[in-house]
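Numbering (this note's numbering), first residue to last: 411 to 646. Idealized CB from N, CA, C, for every residue including glycine.
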Amino acid sequence: MSGLFSRILRLGKAEAHSVVDKFEDPIKMTEQGIRELKKDMEESMRSLAQVKGIVIRMKNDAENKKKLASDYESKAMALLQKAQEGSLEMAEAERLATEVLARKEDAGQEALRLSKEVTAQENMAFQLQRNVDKLRTTVQSYENDLVTLRARAKTAAATRKLNAQIARVDSDSTIAMLEKMRDKVEEDESLAKAYGEIADSGQSIDDEINKALDAGSAMPGASDSLAALKAKMKIT
C-alpha cells in the first residue's frame, strides 16, 4: 500500500506545474500508479523467466558433468582391466587411468559447483515468483478498489451538483414570489367583481322596464290585478 502512495507522491512532484494545492485528478494519478506496478510486475516476470531458464541450463550442465565423471571412471576401470588382461602395459594403463581420473575429479567438482548454483538460482526464482504473485494480487486489489472509487466519485459528483443546485434555490424569495402572485390574483378577482357591480348599476331605463316587465310577467295573476286596478280607476 505504501509503495503505491509513494509512487503517487513522486508523480505528484513530477507534475507539480499542473497541480494547485492538491492533485489535479486523484483517480488519474492512482491509475498511473497501477500502470507502474504492472510495469514492475512485467519486469519481474521477465526476470523470473530468465532465472528459470538459467536453472534449467545449469541442471542440464550439472547432469552432463556427473555423467562425464561417471564415464571417466568407467574408462579408468577399462584401462586397468586391459592391463590386467595383458593387452596394455600396466604402466601405460596406470598413466592413462590417472589422467582420466583427474578429468573425472574436475568433472565431479564442476557438477558439484553447478548443483550449488542451481540451488541458489532456484531460491532466487522462488523469491521472484513470490514477488510476482504479490504484485499480481496487489494490482488486482488496487484495480478493484479503483472501480469502486470511480463509482463513488461519480456518485459524489452527482450529489454535489444536485446539492449545489438546491443550495442556489432561495426558498424565501420563492415564498415571497408566491405571496405576490396570490395577492395579484386576489386583486384581479376583486377588480372583476367591482366591474361587475358597476355594470349592473349602469342599466338604462329600457333595461329597468324590461326587467320590471320580465319580473311582472313571472308573477301569477298579475294581468287580473291590473284589470281590476284599471276598472277601479275607470280607465278603459
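Less than 8 Å between the CB atoms is what I'm expecting for residue i and residue j, so what's the real figure, rounded?
i, j, result
"T545", "D450", "For the sequence presented, residue 545 should be read as Leu rather than Thr. Confirmed, Cβ separation roughly 6 Å."
"L524", "D471", "5 Å"
"Y482", "K514", "3 Å"
"A374", "K492", "Outside the modelled stretch of the chain, which goes from 411 to 646, sits residue 374, for which no answer is possible."
"V465", "L538", "Incorrect: roughly 11 Å between the Cβ atoms, too far for contact."
To the nearest angstrom, how far is the alpha carbon of residue i from that of residue j?
i, j, result
"G496", "L489", "11 Å"
"L588", "N554", "51 Å"
"T569", "L556", "19 Å"
"K432", "K438", "Interpretation of K432 is limited by its pLDDT of 46, a score under 50 that renders its predicted location unreliable; the figure taken from the coordinates is listed afterwards. Their backbone Cα atoms lie some 13 Å apart in a straight line."
"I444", "T558", "15 Å"
"L636", "K642", "10 Å"
"K469", "K475", "10 Å"
"E499", "G518", "28 Å"
"T548", "V542", "10 Å"
"A566", "E597", "47 Å"
"S583", "E441", "46 Å"
"M487", "L522", "22 Å"
"R578", "I585", "15 Å"
"R467", "R562", "51 Å"
"E607", "K590", "26 Å"
"K564", "E453", "34 Å"
"E473", "A530", "17 Å"
Please list the terminal residues of the continuous alpha helix (DSSP H) segment that includes residue i.
i, result
"S525", "500-578"
"G463", "436-495"
Report yes or no: is there a C-beta of chain C within less than 8 Å of the C-beta of residue i?
i, result
"E596", "In the displayed structure, chain C is absent; only one protein chain is listed."
Cβ contact check for the segment 529-542 and the segment 455-462: 3 or more pairs under 8 Å: yes
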